[in-house]
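Notes follow once the structure below has been shown.
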């Protein structure tokens with residue numbers, strides 16, 4: 049896997065032309081609903097490079113889930129996030145089951161360096177030897193430009209699901225090489241097919257209350273508010 053398109057070729061496999069009931073694009077999260085499940089994706093910042101108004105706004109849902117999921121190939125980050133949410137509506141269905149584990153704990157016994165792509169709270173509770181890589185690094189963190197040097201040295205890599213929407217997931221997976229890798233966050237697709245691509249842990253969210261999630265997202269809610277709309281599910285590679 050060496051590109052944004054390769055990552056999504058795995059995730060798009062099996063997505064069917066299910067009717068789409070609703071699409072909500074909030075300031076923090078994007079939600080796609082079907083009768084079988086809901087999918088989340090982080091909404092890009094409005095000033096993100098390439099961010100433009102969504103084409104076909106108002107009629108997006110009419111083409112079905114497969115057509116909506118294909119938007120992950122768009123060069124418009126706002127449309128890409130809709131595509132990721134559509135993919136997650138397929139994989140993170142209401143009947144998806146799994147333990148409620150903290151994905152960060154998947155690497156708590158790793159003695160080597162663990163790179164964490166994205167900013168997560170309480171990392172010191174779960175990881176022994178880690179470094180944080182962020183697009184806008186704070187003191188003590190590394191920037192994206194440091195990934196080429198850091199990732200090949202890591203024993204494990206924790207990847208925020210936001211990288212799917214911003215297009216950086218593929219290059220990160222490639223740079224991480226044979227390191228153990230986990231996707232973590234509400235927008236993580238619970239797709240076991242990713243295990244064949246070197247991902248060992250998928251820690252995402254299954255929405256149980258679509259109506260409540262729609263309200264939370266439409267009113268600018270973030271992760272804390274979404275916790276009351278569903279449950280965390282973690283899938284581990286066999």
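Numbering (the working numbering), first residue to last: 49 to 286. Note that the Cβ used here is the ideal one computed from N, Cα and C, for glycine as well. Computed from a predicted structure; not experimentally measured.
By a C-beta neighbour count over all protein chains shown, 10 Å radius and 16 as the cutoff for buried, is residue 229 buried or exposed? Along the chain shown, read from residue 1 onward, the residue named residue 229 stands at position 181. The residue in question, residue 229, is buried, as its Cβ has 16 or more Cβ neighbours within 10 Å.
Of the residues 275, 183 and 237, which one's Cα is nearest the Cα of residue 93? The residue you call residue 93 lines up with position 45 of the chain shown. Among 275, 183 and 237, the Cα nearest to that of residue 93 is on 183.
Those residues which DSSP pairs with residue 87 across a bridge: Working through the chain shown from its first residue, we reach residue 87 at position 39. DSSP lists 80 as partners of residue 87.
Roughly how many whole angstroms lie between the Cα atoms of residue 136 and residue 120? Residue mapping note: residue 136 aligns to position 88 of the chain shown, counting from 1. Residue mapping note: residue 120 aligns to position 72 of the chain shown, counting from 1. Rounded to the nearest angstrom, the two C-alpha atoms are 12 Å apart.
Confirm, please, whether the CB-CB distance from residue 78 to residue 133 is below 8 Å. Along the chain shown, one-based indexing puts residue 133 at 85. Along the chain shown, one-based indexing puts residue 78 at 30. In this structure, residue 78 lies closer than 8 Å to residue 133 by Cβ.
What separation, rounded to the nearest whole angstrom, lies between the Cα atoms of residue 203 and residue 249? Your numbering for residue 203 matches position 155 in the chain shown. Your numbering for residue 249 matches position 201 in the chain shown. Spanning the two alpha carbons is a distance of roughly 14 Å.
Chain C beta carbons: is any one of them nearer than 8 Å to that of residue 101? The structure shown has no chain C; it contains just one protein chain.
At what residues does the beta strand (DSSP E) containing residue 72 begin and finish? Residue mapping note: residue 72 aligns to position 24 of the chain shown, counting from 1. Run containing residue 72: 70–73, per the beta strand (DSSP E) assignment.
Pairwise C-alpha distance: residue 82 and residue 66: Locating residue 66 in the chain shown gives position 18, where the first residue counts as 1. Locating residue 82 in the chain shown gives position 34, where the first residue counts as 1. Approximately 7 Å, taken between the alpha carbons.
Should residue 127 be labelled buried (16 or more other beta-carbon atoms within 10 Å of its own) or exposed? Position 79 of the chain shown, counted from the start, is the residue given in the question as residue 127. Buried, by the Cβ-count rule.
Using the Cα positions of residue 118 and residue 131, report the straight-line distance between them to the nearest angstrom. As a first step, residue 118 is located in the chain shown; it is residue number 70 there, counting from the start. As a first step, residue 131 is located in the chain shown; it is residue number 83 there, counting from the start. Those two C-alpha atoms are separated by around 6 Å.
Report the three-state DSSP secondary structure of residue 250 (helix, strand or coil). Looking up residue 250 in the chain shown gives position 202. Of the three classes helix, strand and coil, the one that applies to residue 250 here is strand, per DSSP.
Residue 61 versus residue 110: straight-line alpha-carbon distance, rounded: Counting from 1 along the chain shown, the entry for residue 61 is found at position 13. Counting from 1 along the chain shown, the entry for residue 110 is found at position 62. Residue 61 and residue 110: Cα-Cα distance of roughly 21 Å.
Other residues of its chain near residue 63: CB distance less than 8 Å, five sequence neighbours each side excluded: Indexing the chain shown from 1 puts residue 63 at position 15. Here the set comprises 113, 114, 117, 134, 135 and 138.
Using a Cβ-Cβ cutoff of less than 7 Å, which residues in the same chain neighbour residue 175 once the five nearest sequence positions on both sides are dropped? Looking up residue 175 in the chain shown gives position 127. Once the five neighbours on either side are set aside, the close Cβ partners of residue 175 are 152, 155, 156 and 162.
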